[in-house]
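Report on the structure given below.
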Amino acid sequence: MHPGFSVIFLTTLIGAGQGLFLALYAAEIAAALNVVALPPARGFFVPGVLLSLAFTGAGAVASLFHLGHPERAWRAMAMWRTSWLSREGIALPSFMLAVFLYGLAHWLEWRATLAIGAVAVVLCLILFVCTGMIYACIKFLQEWASPLTVINYAVLGCASGFTLASAFAAFTADRLVVAYITAAIAFTLLGLGTRCASLLRNSRIKHKSTLQSATGIHHPRIVQKSQGFMGGSYNTREFFHGRSKAFLRSIKWIFLALAFALPLLLLGVSLNHVSAIVLCLAFVVQYAGLIAERWFFFAQSNHPQNLYYQAIS
Amino acid sequence: MTQLALVIDLNVCVGCQACVTSCKSWNTSGSAGSLADFRPYDEDPAGTFFNRVQTFEVGEFPNTETVHFPKSCLHCEDPPCVPVCPTGASYKRKEDGIVLVDYDKCIGCGYCAWACPYGVRELDEKRQEMTKCTLCVDRIYSDALAPEDRRPACVMACPTSARLFGDVHDPDSEVSIAIRERGGYALMPEWGTVPSNQYLPRRKTVINISEDQLVRADSPQKLDTAAPLKPGAKPRSTLDDAANFSG
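From first to last, the protein sequence lines stand for chains A and B.
Numbering-wise (this note's numbering), the first sequence opens with residue 857 and increments by one.
Numbering-wise (this note's numbering), the second sequence opens with residue 418 and increments by one.
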């Protein structure tokens, strides 16, 4: 598949925004359980909510660039009964609204913050599932059609969100930094495990569609001599990444280093000596790594339609 | 219930591309809007087509066969492109089973094309709307056309009648009979999409007969009828006599 940058930014940005919100709410739960003191509303929760909304909002804007007709985007909420994309189109604004109300409740010092936050948490998890299922539900894109796709979207979103929360807390709530770093390390390690599981699964995948099933000609040797046109078409642009195998392999190692190894190192260093700059760097590096990870996620999947587009003439 | 579809006979398709140009000509001139062409006479031309004719070489030289393979929307009975559409722009008509796109509702997200294993949907680069074969829905029901012209443009253009059009749910239709009697098959049956368009395979006329069956060993013509029978001997019997007990 061709990796579209609008979708790469959408999924990575909302993932970080969702993870950051979960981190904020986790602090409030911990405070309610008397594990930590409640961080200040206006100094911590409100700017945290604004940061989370900035990330999810930027993701929503990025998604519009994916559309041929963004002015009709509101129509995408219509088919929630059957389409995961439609469900995401409802879940994302709903989650953002709930996070906004959560911030507003903290700003106005309402008592209902825990309840509003709980609703937002549910919407956050629904959004993770919707985003992952958009890819996992296409059964013949076999690299995607796995529960690991949904798990990775959720875990990697939490990993970058908690890394972001660590950097954010370094400026706003000193007492929470170590707890956030620990959680970020845990999610990053978990993400490394689940992403490697999906890499392993996809490296030994056996594609069900063959040139034989695509043409119905039962001969072991079939070679395409012409795809029916000399130039490009939507089918050659949208479904091929157009890069070499070596490039694909190098991106794999780059994302393993940037999304997992380096952030783990930087987060580990920060555990002993908290430095806001190192934590910011950890988030930036991990975010860049997740962009590479998402690029690889698209490029690695083979669409069966590619069987029909193997030779120009 | 009606399910209109095409049946494509690979045995007679000569790969002339007449169906491709005829389809483009009709559908780019239609009320639904034009189909974009970019750099048609320059390097790297690109454009939207509903129908493509591809060519495959089967076997190894010298035992090769060239198969021309027309490909357009298969109007699946269970189209995977329809439920994924977030706006409901992609739909399958109840009355005749044609899978269509409501262009005014399409947001151009391309998700339906991802969800089609056959690669027959093309997002028009200029209109930024998903386009696909309509089975010439604006021809086949048109009152402005003579009844014999109410067929898809590709079917009308085919010089070898490799494209048949009709209702595959009517067991007595031309297409159903062709599928039944000439080995019609569906593409990528592994995904359960149940394509309505089917393909008729290449066929060779082969008689299963061995050499010795061509020559009748006990042909009466070979009997030496000139030699006289011995007195009292039975007339010479042949295989025919053994097989025919009534005599």
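Glycine included, each C-beta is placed from N, C-alpha and C at the ideal position.
Taking a cut-off of 8 Å for Cβ pairs, the segment 863-870 of chain A and the segment 1145-1162 of chain A touch, as three or more such pairs fall below it. One thing to note: Thr-868(A) has its Cβ no nearer than 8 Å to the Cβ of Leu-1114(A).
In this chain, the beta strand (DSSP E) harbouring Thr-483(B) covers 480-489. Per DSSP, reduced to three states, the secondary structure at Ile-1061(A) is coil, with no helix or strand assignment.
By the Cβ test, the segment 870-878 of chain A is in contact with the segment 1009-1020 of chain A, since at least three Cβ pairs between them sit closer than 8 Å. For the 8 Å CB-CB criterion, Phe-1103(A) and Leu-1020(A) do not form a contact. For the segment 913-942 of chain A, the set of residues with a beta-carbon nearer than 7 Å to any beta-carbon of chain B comprises His-922, Leu-923, Gly-924, His-925, Arg-928, Ala-929, Arg-931, Ala-932, Ala-934, Met-935, Thr-938, Ser-939, Leu-941 and Ser-942, in chain order. Taking C-beta separations shorter than 7 Å and ignoring five residues to either side along the sequence, the partners of Gly-860(A) in its chain run His-922, following chain order.
Under the Cβ criterion (8 Å, minimum of three pairs), the segment 527-541 of chain B counts as touching the segment 1085-1105 of chain A.
Taking a 10 Å sphere around the C-beta of Ser-1054(A), we find 16 or more other C-beta atoms and assign the residue as buried. Distance from the Cα of Arg-510(B) is smallest, within the candidate group Glu-494(B), Glu-591(B) and Cys-502(B), for Glu-494(B). Taking 8 Å as the CB threshold, Lys-995(A) lines the interface with chain B.
Taking a beta-carbon distance threshold of 8 Å, His-1097(A) does not count as an interface residue toward chain B.
Here the alpha carbons of Ala-422(B) and Ser-590(B) stand approximately 11 Å from one another. Annotated three-state conformation of Glu-565(B) is helix, per DSSP. For Arg-1150(A), none of the residues of chain B pass the 8 Å Cβ criterion, the least Cβ distance being about 15 Å. Going by beta carbons, Asp-555(B) and Gln-420(B) fall outside the 8 Å limit. Counting only residues of its own chain and dropping the five nearest sequence neighbours on each side, Gly-450(B) has a CB closer than 7 Å to the CB of Tyr-520 and Arg-544. When C-beta distances to chain B are compared with 7 Å, the residues of the segment 1065-1091 of chain A below that value are Ser-1065, Ser-1069, Ala-1070, Thr-1071, Gly-1072, Ile-1073, His-1075, Arg-1077, Ile-1078, Val-1079, Gln-1080, Lys-1081, Ser-1082, Gln-1083, Gly-1084, Phe-1085, Met-1086, Gly-1087, Gly-1088, Ser-1089, Tyr-1090 and Asn-1091, in chain order.
Going by C-alpha positions, His-1097(A) is about 13 Å away from Ala-1148(A). Asn-428(B) places its beta carbon less than 8 Å from that of Pro-618(B). The Cβ of Tyr-1165(A) sits closer than 8 Å to at least one Cβ of chain B. For Gly-873(A), none of the residues of chain B pass the 9 Å Cβ criterion, the least Cβ distance being about 21 Å.
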